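Below is one structure; the comments refer to it alone.
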Amino acid sequence: MASGTARYLRYVLFTIFGLAVVYFISSSSSSRPFVPADILNGAPVKAGTPAADTTSSVGVTPSDLGGLPPATADGPRMNATFVTLARNSDIWEIARSIRQVEDRFNRKYHYDWVFLNDKPFDATFKKVTASLISGTPHYGEIPKEHWSFPEHIDQDKARKVREDMAQRKIIYGDSVSYRHMCRFESGFFFRQELMLNYEWYWRVEPSIELYCDIDYDAFKFMADNKKKYSFVLSLYEYVETIPTLWDSTKKFMKNHPEHIVEDNSMGFLSDDGGDSYNHCHFWSNFEIGNLDWLRSQAYTDFFESLDQDGGFFYERWGDAPVHSIAAGLLLKKEEVHFFNDIAYYHVPFTHCPTGEKTRLDLKCHCNPKDNFDWKGYSCTSRFFEINGMDKPEGYENQQD
Ligand SMILES: Nc1nc2c(ncn2[C@@H]2O[C@H](COP(=O)(O)OP(=O)(O)O)[C@@H](O)[C@H]2O)c(=O)[nH]1
Ligand SMILES: [Mg+2]
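Note that this note's numbering has the sequence shown beginning at 1, numbered continuously upward.
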């Protein structure tokens, strides 16, 4: 009897142990796979790290876990925003640009984004852009007076210019809207109600590319280093679009000598001490700059003087030479910055950082052969020369 009870007890214990083993195996295979805490926290997994396979068929995705918390860089945020002028029809081209800016920079900083349009933005534009931006998007409609002919413009004269430029096949020569766009970017984007909330801007256009990581806050860099304006590409302007822009500039210099800064970048703009313009300009489809400077008396007087002369409509003045001449004359040389480490493309030019170490450190995917900086049609060499800067190592191999 005693040995029968013991056998019975052994049988019960064995069964309990067996059930426990079965339970342990089945519960561990249905729980989530091992994922290191830093992956769940959004930290990047370095190449070669023996991390868990988060794409395995076990079926747990970050969204099942309630979404990844954003990866945020430390430190204070600047009072800054991205700014884009766009039409509703630009949606997929600007979506591409936003994605690049977010992936390479803003996913760590979450800066806002201001969109401006001469028409109301439609629901698709807002929905798609908002889904891509990690900061807060804002949408503004441009007031009519910032996107129309000023009263002093002779409409007949302006129309004849457009017809003539169309015949001469000058790019955008026959376009009214392109002229409104250039005038708006020259004199009004920084005065829009939404922009008044900010001190710094970064201009982004549709269909651009960013080829390298930007691992630091470029706005903070500007502020810390007392920069007011910056560029990545520079080149010669198409002369036919600005035949009298320099005459107007000289008139402004004569009327407002108080705005012309002593240690300026005249050497970037002129080869004869200011007598004539060499057509060098910073390409303004990329800009990081200071809005208070653009809202200053000096810049306001400059824009108003040019606007009175009518060249936005009687010629086809671009905002790039206008901003560049202003930066060249109203700012000190050292307030203008060249971002070698921000790799950028806007059709048809590429800025790919000179220096292999920079390109590898920043995980760049541009072809260094495409870099425009040291080619004959670029003005960047001139910028280096007037600032007494040494060109980056390796520039000699990129001159043609
Ligand atoms: N809202 C609006 N944006 C425009 C218009 N024309 C151009 N843009 C924007 O102005 C910027 C410059 O225009 P873009 O066509 O890229 O000129 P390009 O770079 O000089 O060839 C881009 O951000 C365009 O989306 C327009 O008529 N309305
Ligand atoms: Mg463009």
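Glycine included, every Cβ here is placed at the ideal spot set by N, Cα and C.
Bear in mind the structure is a predicted one, so any value in this text is a computation, not a measurement.
Going by beta carbon distance, what residues of the same chain come within less than 7 Å of residue i, once the five residues before and after it are set aside?
i	result
D301	H256 and H259
S29	Low per-residue confidence applies at S29: pLDDT is 35, beneath 50, and the placement is therefore not dependable enough to give any value.
C280	S234, Y236, F268, L269, C379 and R382
G328	N264, S265, M266, F268 and L269
F121	N88, F115 and Y139
A343	L210, Y211, C212, H351, C352, P353, C364 and C366
N387	K333
K157	Y314
H188	Correcting the residue identity first, residue 188 is Phe in this sequence and not His. Taken in chain order, the residues that qualify are H146.
L291	F190, M195, Y198, E199, W200 and Y201
A47	Here the model assigns A47 a pLDDT of 30, short of 50, so the residue's position is not dependable, and the following value carries that caveat. Answer for A47: no residue qualifies.
Can you list, in chain order, the residues of its chain with a C-beta nearer than 6 Å to that of residue i? Leave out the 5 residues immediately preceding and following it.
i	result
Y395	T354 and W374
P348	none
H337	K227 and S230
N285	E205 and H346
V322	S186
H110	S134 and G135
Y172	Y178
R332	Reading off the sequence shown, one finds Lys at residue 332, where the question assumed Arg. Counting only Cβ-Cβ distances below 6 Å, and skipping sequence neighbours, we find V261 and D263.
P368	C352
A218	I288
D118	I142 and W147
Rounded to whole angstroms, what's the CA-CA distance from residue i to residue j? Just pull it up for me.
i	j	result
D390	D341	15 Å
A403	E205	There is no way to answer for residue 403, as the model of the chain reaches only from 1 to 400.
K108	F383	31 Å
Q399	D112	38 Å
R99	I133	8 Å
D154	Y139	33 Å
E287	Y201	8 Å
D74	C212	20 Å
K335	W147	With the sequence shown as reference, residue 335 is identified as Glu, and Lys is not the correct amino acid for it. Taking the straight line joining both Cα atoms gives about 30 Å.
D303	V176	Just to set this straight, residue 303 is Phe in the shown sequence, not Asp. Going from the Cα of F303 to the Cα of V176 covers about 19 Å.
R191	R295	7 Å
Y216	E151	46 Å
A37	M78	In this prediction, A37 has a pLDDT of 30, which is less than 50 and means its spatial position is unreliable; what the coordinates show is noted afterwards. Cα to Cα, the separation comes out at about 30 Å.
R359	Y314	44 Å
S97	G273	39 Å
K223	F105	Residue identity differs from the one stated: residue 223 is Ala in this sequence, not Lys. If I take the Cα positions, the gap works out to 17 Å.
P143	G376	41 Å
L245	D309	9 Å
D64	S207	Model confidence at D64 stands at a pLDDT of 48, short of 50, so the residue's coordinates are unreliable; what they give is reported in the following sentence. Rounded to whole angstroms, D64 to S207 spans 33 Å at the Cα level.
D307	P243	15 Å
T81	N225	19 Å
T84	W293	19 Å
Thinking residue i and residue j are a contact (beta carbons under 8 Å), I'd like their distance in whole angstroms, please.
i	j	result
N264	D271	Not quite, the Cβ-Cβ distance comes to about 15 Å (not below 8 Å), so this is no contact.
S324	F282	5 Å
R183	F372	With 8 Å as the limit, R183 and F372 do not qualify as a contact, their Cβ atoms being about 27 Å apart.
Take residue i and list the residues in its own chain whose beta-carbon comes closer than 8 Å to its own, dropping the five residues that flank it on each side.
i	result
E193	G140
Y299	W293, A326 and L330
TODO: Please confirm if the stretch 226 to 246 is in contact with the stretch 310 to 318, defined as three or more CB-CB distances below 8 Å between the two stretches.
DONE: Taking one beta carbon from each stretch, the stretch 226 to 246 and the stretch 310 to 318 have 3 or more pairs nearer than 8 Å; the two touch.
TODO: Starting from the N-terminal side, write out each stretch of the beta strand (DSSP E) that is 3 residues or longer and does not extend beyond the stretch 270 to 295.
DONE: Taken in chain order, the complete beta strand (DSSP E) segments of 3 residues or longer contained in the stretch 270 to 295 are 280 to 282 and 287 to 290.
Open item on the list: Quick check on the DSSP output: what are the complete alpha helix (DSSP H) runs of length 4 or more inside the stretch 204 to 245, in order along the chain?
Closed with: 218 to 224
TODO: Give a yes or no on contact between the stretch 123 to 131 and the stretch 89 to 97, applying the rule of three or more CB pairs nearer than 8 Å.
DONE: yes
Open item on the list: Pairs of beta-carbons, one from the stretch 194 to 203 and one from the stretch 154 to 170, closer than 8 Å: are there three or more?
Closed with: Note that the stretch 194 to 203 does not touch the stretch 154 to 170; fewer than 3 beta-carbon pairs, one per stretch, sit closer than 8 Å.
Task: Whole runs of the alpha helix (DSSP H) within the stretch 154 to 196, excluding any shorter than 4 residues - done: DSSP runs (the alpha helix (DSSP H)) wholly in the stretch 154 to 196: 155 to 167 and 176 to 187.
- [ ] Taking only runs that begin and end inside the stretch 291 to 342, name each unbroken alpha helix (DSSP H) of 4 or more residues, in chain order.
- [x] 291 to 294, 297 to 309, 311 to 314 and 319 to 330
- [ ] Output the residue ranges of the beta strand (DSSP E) runs that lie fully inside the stretch 105 to 133 and measure 3 residues or longer, sorted by chain position.
- [x] 112 to 117
Open item on the list: Please give me, in chain order, every unbroken run of the beta strand (DSSP E) with length at least 3 that falls completely inside the stretch 336 to 378.
Closed with: 336 to 338, 344 to 346 and 349 to 351
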